[in-house]
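**Student:** Quick one: the structure is below, and I'll ask about it shortly.
Numbering (our numbering), first residue to last: 1374 to 1552.
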């Protein structure tokens, strides 16, 4: 997930600039390893970091760069594939934001990720996942997901820019309100 990892670094740089710093909001930019093992990287972080469960939201960036930008309201659990829904109130905030901005209408799709991510560990610890920004192929599945065919020439850079803009908007809007 090189694009998602790079985007985390890019967002950290963006919000570190004086003109983009948020008041009353602390941001942690985190890339974890061992996601498929199954969530060891996030599990370690969650054990070390004591967060305020009422006022901390997790935004996950996963497999960005395919044809359709999607915000997820949930994902599959391990090992059963049972659906796990993200925080409904927080996700409604995301959908209201998307519907209020012309640039996202008809561009960003809402859906359920038929795979799992590090957010399983957040859910297990009773944390709030606001959404997961990902991208999918027209068939509704992640495109070239963790395969040797997942090469840089297949990345849709315009979709990466859309996902980045959406992540910035979500973070900025969330900093202004309490869900």
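Note that beta-carbon positions come from the ideal geometry of N, C-alpha and C, so glycine has one too.
Quick check on this structure: which residue in 1503, 1523, 1490 has the alpha carbon closest to the alpha carbon of residue 1546?
**Tutor:** 1503
**Student:** According to DSSP, is residue 1429 helix, strand or coil?
**Tutor:** coil
**Student:** Helix or strand or just coil, what does DSSP make of residue 1504?
**Tutor:** strand
**Student:** Candidates 1397, 1428, 1493, 1439: which alpha carbon is nearest residue 1511's?
**Tutor:** That would be 1439, whose Cα lies nearest to the Cα of residue 1511.
**Student:** State buried or exposed for residue 1430, treating a residue as buried only when at least 16 other CB atoms are found within 10 Å of its CB.
**Tutor:** Buried, since its Cβ has 16 or more Cβ neighbours within 10 Å.
**Student:** Are the beta-carbon atoms of residue 1486 and residue 1451 separated by less than 9 Å?
**Tutor:** No, they are not a contact pair.
**Student:** Please report the residue range of the beta strand (DSSP E) in which residue 1522 lies.
**Tutor:** It is not in any beta strand (DSSP E) - residue 1522 carries neither H nor E in the DSSP assignment.
**Student:** How many Å lie between residue 1422 and residue 1500 at the Cα?
**Tutor:** A direct Cα-to-Cα measurement between residue 1422 and residue 1500 gives close to 12 Å.
**Student:** Would residue 1479 be called buried (16 or more neighbouring beta carbons within 10 Å of its own) or exposed?
**Tutor:** exposed
**Student:** Along the beta strand (DSSP E) that carries residue 1447, what are the first and last residues, could you check?
**Tutor:** 1441–1449
**Student:** Among 1536, 1491, 1380, whose alpha-carbon lies nearest the alpha-carbon of residue 1415?
**Tutor:** 1491
**Student:** Which same chain residues end up closer than 7 Å to residue 1507 when comparing Cβ atoms and leaving out the 5 residues on each side of it in sequence?
**Tutor:** 1435, 1436, 1437, 1443, 1445, 1486, 1515
**Student:** Could you check how far apart the C-beta atoms of residue 1448 and residue 1488 are, in whole angstroms? I think they sit under 8 Å.
**Tutor:** 7 Å
**Student:** Output the boundary residues of the beta strand (DSSP E) element that contains residue 1485.
**Tutor:** For residue 1485, the enclosing beta strand (DSSP E) has its first and last residue at 1481–1486.
**Student:** Give the DSSP-derived three-state secondary structure of residue 1543 in the structure shown.
**Tutor:** helix
**Student:** Please classify residue 1416: does DSSP put it in a helix, a strand, or coil?
**Tutor:** helix
**Student:** Leaving out five residues before and five after residue 1398 in sequence, what residues of the same chain have Cβ atoms less than 6 Å from its Cβ?
**Tutor:** So the list reads 1548, once near-sequence residues are dropped.
**Student:** Let's see if you can read the secondary structure: which residues bound the beta strand (DSSP E) around residue 1457?
**Tutor:** 1456–1458
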